[in-house]
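Engineer: Numbering-wise, UniProt numbering puts 203 at position 203 of the sequence shown, and it's gapless, one number per residue.
Sharing a structure here in structure tokens format.
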Amino acid sequence: MTQSTTDVGALVERKGNVLVITINRPEARNAVNSAVSIAVGGALVEAENDPEIRAVVITGAGDKSFCAGADLKAISRGEGLHAPGNEHWGFAGFANHFISKPTIAAVNGTALGGGTELALAADLIVASESASFGLPEVKRGLIAGAGGVFRLPAQIPQRLAMEMIFTGDPITAARALEFGLINSVVPDGTVVDAAVAFAERISVNAPLSVQASKRLAYGVFGGVRVDETEKWNLSATEWEGLMDSEDAKEGPLAFAEKRAPVWKAR
């Protein structure tokens with residue numbers, strides 16, 4: 001194993017034919033800022049262009065949190081979260097960044113908000129026993145605008161998805177496995193190794209066959225999932241309208257100030 005890239009936002013390592021991307025902000029529970037988006041998105045470009053890379057694993061530093069979602073403190077300061085010049089990659093440089101190489105989320109703890117959206121964007125998910133998944137954006141005056149609102153109902157039963165979206169309450173790894181949101185649950189501390197082993201099972205197969213199969217499975221044309229185009233457009237419209245509201249400003253501010261938000265529905 002050799003380390004190829006170190007960035008303030010993410011660490012990138014090669015393990016044979018597998019590229020492991022680790023969001024590297026453990027002090028902020030791996031919350032996403034622009035540095036994370038730049039590093040992760042760049043690593044995906046590296047993976048897509050390198051014929052020796054057959055699969056990608058994405059995880060979070062430490063053993064507590066896979067990703068706590070957007071850095072709300074950065075939002076409250078008016079900072080952007082996307083990779084400058086590559087905003088089309090989406091949240092964390094990953095949420096709307098299609099690559100032909102299979103991607104596996106190794107969820108090593110809490111995956112909340114954008115953390116769950118990153119997992120939903122991966123092709124496969126391996127989770128630790130202590131992992132949890134949730135979209136708490138409604139608790140902060142926001143929406144799961146990185147694909148969560150339309151991808152979650154597509155990947156689990158609609159009633160459970162709507163419960164999670166409306167309440168913002170998380171589910172355990174065990175329940176996520178029960179309803180098919182994830183592929184497997186492994187003991188804490190072993191999730192990255194398990195995900196790499198999963199990736200190695202894929203890597204022994206003909207790479208061009210795997211990549212063509214992935215594009216067909218998702219209906220990809222010109223590097224874009226055509227079935228999601230209108231959903232992304234609608235999501236962007238709703239997000240832009242919501243961000244003009246007082247509540248959308250109150251939610252992140254209340255979080256930063258460690259107090260309960262006061263909603264005004266305007």
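Positions of the beta carbon are idealized from the N, C-alpha and C atoms, including for glycine.
Note that the coordinates shown come from a computational prediction; the quantities given were computed from them, not determined experimentally.
#1: Flag this pair as yes or no: are the beta carbons of P102 and L124 separated by less than 8 Å?
#2: Would you report the Cα separation of G141 and E52, rounded to the nearest angstrom?
#3: Opposite T167 in the DSSP bridges: which residues?
#4: Does the stretch 61-72 come close enough to the stretch 158-177 to have 3 or more Cβ pairs within less than 8 Å?
#5: What are the complete alpha helix (DSSP H) segments, minimum 4 residues, inside the stretch 48-80?
#6: Specify the secondary structure class of A127 as computed by DSSP and reduced to three states.
#7: Within its chain, find whatever has a CB closer than 6 Å to the CB of S37; leave out the 5 residues flanking it on each side and keep chain order.
#8: Does DSSP classify S245 as helix, strand or coil?
#9: Is the CB of L11 under 8 Å away from at least one CB in chain C?
#10: If you measure between the beta carbons of L160 and L120, is that distance less than 8 Å?
#11: Can you tell me which of the three DSSP states I104 falls into?
#12: Is it true that the CB of A176 sits closer than 8 Å to the CB of F133?
#13: My guess is that G115 and A68 are in contact by the Cβ rule of under 8 Å, so how many angstroms apart are they, rounded?
#14: Ignoring anything shorter than 4 residues, give me the alpha helix (DSSP H) runs that lie fully in the stretch 170-219, in order along the chain.
#15: How many whole angstroms separate the CB atoms of E13 and V20, which I take to be in contact at a CB cut-off of 8 Å?
#16: Return the first residue and the last residue of the alpha helix (DSSP H) that G114 is part of.
#17: What are the boundary residues of the alpha helix (DSSP H) that A83 is part of?
#18: Please report the straight-line C-alpha distance between A131 and G109, rounded to a whole angstrom.
#19: For V45, which of helix, strand or coil comes out of DSSP?
#20: Please go through the same chain and pick out, in chain order, the residues whose beta-carbon is closer than 7 Å to the beta-carbon of A174, but skip the five residues on each side of it.
Structural biologist: The structure says:
#1: Along the sequence shown, one-based indexing puts residue 102 at 102. Along the sequence shown, one-based indexing puts residue 124 at 124. Yes, Cβ-Cβ distance for P102 and L124 is below 8 Å.
#2: As a first step, residue 141 must be located in the sequence shown, where it is residue number 141. As a first step, residue 52 must be located in the sequence shown, where it is residue number 52. Roughly 43 Å between the two C-alpha positions.
#3: By one-based count along the sequence shown, residue 167 stands at place 167. DSSP lists no partner for T167.
#4: no
#5: 72-76
#6: Position 127 of the sequence shown, counted from the start, is the residue given in the question as residue 127. Three-state result, A127: strand.
#7: Position 37 of the sequence shown, counting from 1, holds the residue named residue 37. Excluding sequence neighbours, S37 sits near H82, A83, A92 and G93.
#8: In the sequence shown, the residue the question calls residue 245 occupies position 245. DSSP places S245 in coil when its eight states are reduced to three.
#9: The displayed structure is made up of one protein chain only, and chain C is not part of it.
#10: In the sequence shown, counting from the first residue as 1, residue 160 sits at position 160. In the sequence shown, counting from the first residue as 1, residue 120 sits at position 120. No, they are not a contact pair.
#11: Stepping through the sequence shown from its first residue, residue 104 is reached at position 104. Of the three classes helix, strand and coil, the one that applies to I104 here is strand, per DSSP.
#12: Here residue 133 refers to the residue found at position 133 of the sequence shown. Here residue 176 refers to the residue found at position 176 of the sequence shown. In this structure, A176 lies closer than 8 Å to F133 by Cβ.
#13: Numbered from 1 along the sequence shown, position 115 holds the residue referred to as residue 115. Numbered from 1 along the sequence shown, position 68 holds the residue referred to as residue 68. Confirmed, Cβ separation roughly 6 Å.
#14: 173-178, 191-203 and 207-218
#15: The residue given as residue 13 occupies position 13 in the sequence shown. The residue given as residue 20 occupies position 20 in the sequence shown. Right, their Cβ atoms sit about 5 Å apart.
#16: Position 114 of the sequence shown, counting from 1, holds the residue named residue 114. Its alpha helix (DSSP H) spans residues G114 to A121.
#17: For the purposes of this step, residue 83 is identified with residue 83 of the sequence shown, where counting begins at 1. Per DSSP, A83 belongs to no alpha helix (DSSP H) and is neither H nor E.
#18: Here residue 131 refers to the residue found at position 131 when the sequence shown is read from its first residue. Here residue 109 refers to the residue found at position 109 when the sequence shown is read from its first residue. Going from the Cα of A131 to the Cα of G109 covers about 4 Å.
#19: Residue mapping note: residue 45 aligns to position 45 of the sequence shown, counting from 1. It is helical.
#20: Here the question's residue 174 lines up with position 174 in the sequence shown. Result list for A174: V185, in chain order.
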